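Student: Before I ask anything, let me first share the structure, which is written out below as structure tokens.
Protein chains: 2
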Amino acid sequence: MVDNMHPLPGMAPSPILTSAHKIGIAGLGLIGGSLAERLVQRGRYVIGWNHNSKPYESAQAKGIHTVDTLEELAQGKPDVLILATPLAAMPVMLERLSPVLPKATTLTDVGSVKGQVREQVVAAGLGSQYIGAHPMTGNERSGFAAADPELFADALWALSVDEHSDMSRFLTVADMVTQGAGNRLICVDDAIHDRCAALISHMPHVVATALASLLAASPERQVAAALSAGSWRDMTRVSLTDPKRTQAMVVEDSSNVAALLRQLSTKLERIAGDLENGVSLTQASESSQELAAFFASAQPFRNYKTAQNERQTCARMPELESLSLSDENWQQELADSARRGQQIVRFLTTHEAQVLPALSW
Amino acid sequence: MVDNMHPLPGMAPSPILTSAHKIGIAGLGLIGGSLAERLVQRGRYVIGWNHNSKPYESAQAKGIHTVDTLEELAQGKPDVLILATPLAAMPVMLERLSPVLPKATTLTDVGSVKGQVREQVVAAGLGSQYIGAHPMTGNERSGFAAADPELFADALWALSVDEHSDMSRFLTVADMVTQGAGNRLICVDDAIHDRCAALISHMPHVVATALASLLAASPERQVAAALSAGSWRDMTRVSLTDPKRTQAMVVEDSSNVAALLRQLSTKLERIAGDLENGVSLTQASESSQELAAFFASAQPFRNYKTAQNERQTCARMPELESLSLSDENWQQELADSARRGQQIVRFLTTHEAQVLPALSW
């Protein structure tokens, strides 16, 4: 698991215990295609399969090997097989993989929802081979033509495990992420992942769509669209995503998204009430105070972003911390580390990782 | 009003009837400072005043003249005096200007709300000299140090007038916008402006703040923040704006913002209900259909953005159309043009403008 090209000072490279050299990717769309290119660029052997062979010529030109069927992809015995197919296609993919996936191959995915994918994987009898994965990258485009390995520059992945997960399979996927893609990772359980992904992605996609929908319905939409500048562009950008993809993402995480929409809606109704009650910038009414408190409640996020920007513009990488994992409790230790705000940069051994320290909130 | 440097083919430059050569700017913050630099770069004579002299040295280095008091700024008889001070400071500024503003000077501003500013201007006895203005640009920073004339590259302004507005004063401000800043404009009444600005800016600022506030309050905020990528960054960017500035903007447009928050909230509650009722990607329940209809309702906006991108990436400027204005009904003719989706690029005469044709919805 050590980056042999750049051994850490004072350390002899330790033997690679759990490497992911041969990587199969099912689905050469925006994410699968970008990841495939990134892994090839960084020296991994990547075999791709797509539901149609449209992207094969361009993929091959970029060093990605291709096969004609999902079954062939599995039978090639990759160390890791990544399902980068749409969420809606998952059950069919798993049904086809179930009889042919070699036991030695670790199965993972890039889906934006983890609980439901695991249920489907378990139902297909592949639970013991599975480690969930969700790279936190993407844009509003789709298809191999839009693929760009730079989407994975400095990306962070969320891996997800449960109490039955195999540690060496986790380490194999972690090798693909950290040494293969050159990315960072955190690892939590499906429930935490799905709640957090709903908060920072799935629910906001609904909000962006609702904003776009309000504009589209306005009789003054030409004037409003003319007036729209950066704030509107940014807040509605993800409404331009393929709506079928967004809908699938929201449906698969529906209970978390629904709960967050209710919370947001309550907040917005309350602010609307304050504004209707009469607010003033100079007189301190109850409504004005509540409005001020609302704006103040986002201050920890502003502070966090300031700290994050400072770190990003700082020339020196912050000193890495060490994280130890035990055989008995590694899942919880990883989740605790993620909750503290650490991010894994690399594994030194199977039981010790180097982590980026937390930014405090 | 004609760009004398680039007369249109076959046309002799017509006499400049309503030029804005000498421009006073009160408030050298992000917007005032950026506009001042832009106008200087494009050959206008700009005098700035700021409530403190901190930015004066840098401003002077950029060719902006400075004076020590707001009164001096007015007494310098600028063609246009722009109030680029915070909305909350407007009444005090107007009280000071009222006794000293020369009749020949046209008063304008850059405030994000137009109805309330006009009320304050009228109360200060300056209504007959006033044309409202709102340049649709900005970012989350503030102060002259953050000023950047590029903020006004290809910007669009909304001017606002009422039935008492003076056409030649409108044309003077229009000259500053089109020939001075090299920008486009539309012109509507205050009510349309404020409703539309609430839709595409003021209300979304509240939504961005509410999203940031939800994250800040989450016990899993470290995990959620780690997972956050482009969609979250873009949807919360404006929550990083100085909250006092945002709060002022929202308060001054409170009834429009409140109404839109209620509409948005109703939409979000309905989607939450659909998600709670059980939605599926494969089975067509009523909830699933409503969810699909929700995502489809944003389609006109997606189409509009596609058309906009096509226009922007097209090498050739679309052929301009002509807009005629009458002395009797010019305000309504301008508003109708804006509602049709046209944008004024330049005036050929006092009664004829060239407009960018509408993108259809």
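Residue numbers (UniProt numbering), protein chains in the order written: chain A, 1 to 361; chain B, 1 to 361.
Beta carbons: idealized from backbone N, C-alpha and C, even for Gly.
Being a predicted model, the structure only gives us computed values, none of them experimental.
Which residues does DSSP list as the beta-bridge partners of Thr349(B)?
Tutor: Stepping through the second sequence from its first residue, residue 349(B) is reached at position 349. Beta-bridge pairing links Thr349(B) to Glu352(B).
Student: Quick one: what's Thr106(A) bridged to in DSSP?
Tutor: In the first sequence, residue 106(A) corresponds to position 106, counting from 1. DSSP lists Val80(A) as partners of Thr106(A).
Student: Under the DSSP definition of a beta bridge, which residues are partnered with Ala158(A)?
Tutor: Here residue 158(A) refers to the residue found at position 158 of the first sequence. Ala158(A) is bridged to His134(A) and Ile186(A).
Student: Select from the segment 153–168 of chain B all residues with a C-beta closer than 7 Å to any C-beta belonging to chain A, and list them in chain order.
Tutor: Here the close residues are Leu156 and Ala158.
Student: Decide if Met11(B) is buried, meaning its Cβ has at least 16 other Cβ atoms within 10 Å, or exposed.
Tutor: Along the second sequence, read from residue 1 onward, the residue named residue 11(B) stands at position 11. With a pLDDT of 47 at Met11(B), under the threshold of 50, the modelled position of this residue cannot be trusted, and the question is left open.
Student: Would you list, in chain order, the members of the segment 290–322 of chain A that have their beta-carbon closer than 8 Å to a beta-carbon of chain B?
Tutor: Against chain B - using a Cβ distance shorter than 8 Å - the residues of the segment 290–322 of chain A are Leu291, Ala292, Phe294, Phe295, Ala296, Ser297, Ala298, Gln299, Pro300, Phe301, Arg302, Tyr304 and Lys305.
Student: Starting from Trp232(B), follow the alpha helix (DSSP H) in both directions and report where the run begins and ends.
Tutor: As a working note, residue 232(B) is residue 232 in the second sequence. Start and end: Gly230 to Thr236.
Student: Within the 7 Å Cβ cut-off, does Pro204(A) reach chain B?
Tutor: Taking the first residue of the first sequence as 1, we reach residue 204(A) at position 204. It does: the Cβ of Pro204(A) has a partner Cβ on chain B nearer than 7 Å.
Student: Which ranges would you report for the alpha helix (DSSP H) in the segment 217–295 of chain A if only whole runs of at least 4 residues count?
Tutor: Runs of the alpha helix (DSSP H) inside the segment 217–295 of chain A: 221–227, 230–236, 243–252 and 254–277.
Student: Within its chain, find whatever has a CB closer than 7 Å to the CB of Val250(B); leave out the 5 residues flanking it on each side and keep chain order.
Tutor: Along the second sequence, read from residue 1 onward, the residue named residue 250(B) stands at position 250. Hits under 7 Å: His202, His205, Val206 and Val257.
Student: Which chain B residues sit within Cβ distance under 7 Å of Arg221(A)?
Tutor: Here residue 221(A) refers to the residue found at position 221 when the first sequence is read from its first residue. Simply Trp361.
Student: Can you name, in chain order, every residue of its own chain whose Cβ lies under 6 Å from the Cβ of Asp274(B), other than the five neighbours on each side?
Tutor: Residue numbering aside, residue 274(B) sits at position 274 when the second sequence is read from its first letter. Cβ neighbours of Asp274(B) beyond the five flanking positions: Ser287, Glu290 and Leu291.
Student: Report the three-state DSSP secondary structure of Lys305(A) (helix, strand or coil).
Tutor: Indexing the first sequence from 1 puts residue 305(A) at position 305. Here Lys305(A) sits in helix by DSSP.
Student: Considering Cα atoms alone, identify which of Val80(B), Val46(B) and Val177(B) is closest to residue 362(B).
Tutor: Look at the range of chain B in this structure, 1 to 361, and you will see that residue 362(B) is not part of it.
Student: Where does Glu319(B) land, buried or exposed, given buried means 16+ other C-beta within 10 angstroms?
Tutor: One-based indexing of the second sequence puts residue 319(B) at position 319. Result: exposed.
Student: Would you mind working out which of Asp242(A), His51(A), Leu211(A) and Thr241(A) sits nearest Ser228(A), comparing C-alpha positions?
Tutor: One-based indexing of the first sequence puts residue 228(A) at position 228. Comparing Cα positions, the closest option is Leu211(A).
Student: Since Glu276(B) meets chain A, which of its residues come closer than 7 Å, beta carbon to beta carbon?
Tutor: The sequence position of residue 276(B) within the second sequence is 276, counting from 1. Near Glu276(B) (Cβ distances below 7 Å), the residues of chain A are Ala258.
Student: Hey, Gly24(A) and Pro99(A): beta-carbon distance below 7 Å or not?
Tutor: Mapped onto the first sequence, residue 24(A) falls at position 24. Mapped onto the first sequence, residue 99(A) falls at position 99. The answer is no: Cβ separation not under 7 Å.
Student: What did DSSP end up calling residue 363(B) once you bin it into helix, strand or coil?
Tutor: No answer is possible for residue 363(B): the residues shown for chain B start at 1 and end at 361.
Student: Write down the C-beta distance between Leu28(B) and Phe144(B) rounded to the nearest angstrom, noting that I regard them as a contact closer than 8 Å.
Tutor: Within the second sequence, residue 28(B) is the residue found at index 28, counting from 1. Within the second sequence, residue 144(B) is the residue found at index 144, counting from 1. Sure, about 5 Å apart at Cβ, within 8 Å.
Student: Counting pairs of beta carbons, one from the segment 237–253 of chain B and one from the segment 155–162 of chain A, are three or more of them closer than 8 Å?
Tutor: No, the segment 237–253 of chain B does not touch the segment 155–162 of chain A.
Student: So, helix, strand or coil for Glu150(A), using DSSP?
Tutor: As a first step, residue 150(A) must be located in the first sequence, where it is residue number 150. Correct three-state label for Glu150(A): helix.
Student: Beta strand (DSSP E) containing Gly33(A): first to last residue?
Tutor: Residue 33(A) sits at position 33 when you count from the first residue of the first sequence. Per DSSP, Gly33(A) belongs to no beta strand (DSSP E); it is in the alpha helix (DSSP H), Leu30 to Gln41.
Student: When the distance is taken between beta carbons, is Ser142(B) closer than 7 Å to Leu30(B)?
Tutor: Within the second sequence, numbered from 1, the residue matching residue 30(B) stands at position 30. Within the second sequence, numbered from 1, the residue matching residue 142(B) stands at position 142. Result yes, Cβ atoms of Leu30(B) and Ser142(B) sit closer than 7 Å.
Student: Compare the C-alpha of Trp232(B) against each of Val67(A), Phe301(A), Ala224(A) and Leu107(A) and name the closest.
Tutor: What you label residue 232(B) is simply residue 232 of the second sequence in a count that begins at 1. Looking at the Cα atoms, Phe301(A) is the closest of the given residues.
Student: When we look at the beta-carbon of Leu8(B) and count the other beta-carbons within 10 Å, is it buried (16 or more) or exposed?
Tutor: Translated into positions along the second sequence, residue 8(B) becomes position 8. At Leu8(B), the pLDDT of 47 sits below 50, so the modelled position is not reliable; the number obtained from the coordinates is stated separately. Exposed: under 16 other Cβ atoms inside 10 Å.
Student: Which residues in the same chain have their Cβ closer than 7 Å to the Cβ of Gly63(A), if we skip the five residues on either side of it in sequence?
Tutor: Your numbering for residue 63(A) matches position 63 in the first sequence. Correct list, in chain order: Val40.
Student: Can you tell me which residues form a DSSP beta bridge with His193(A)?
Tutor: The residue you call residue 193(A) lines up with position 193 of the first sequence. For His193(A), which the question treats as bridged, DSSP gives no partner whatsoever.
Student: In terms of alpha-carbon separation, which member of Thr241(B), Gln312(B) and Ser285(B) lies closest to Ala146(B)?
Tutor: By 1-based counting over the second sequence, the position of residue 146(B) is 146. Ranking Thr241(B), Gln312(B) and Ser285(B) by Cα distance to Ala146(B) puts Thr241(B) first.
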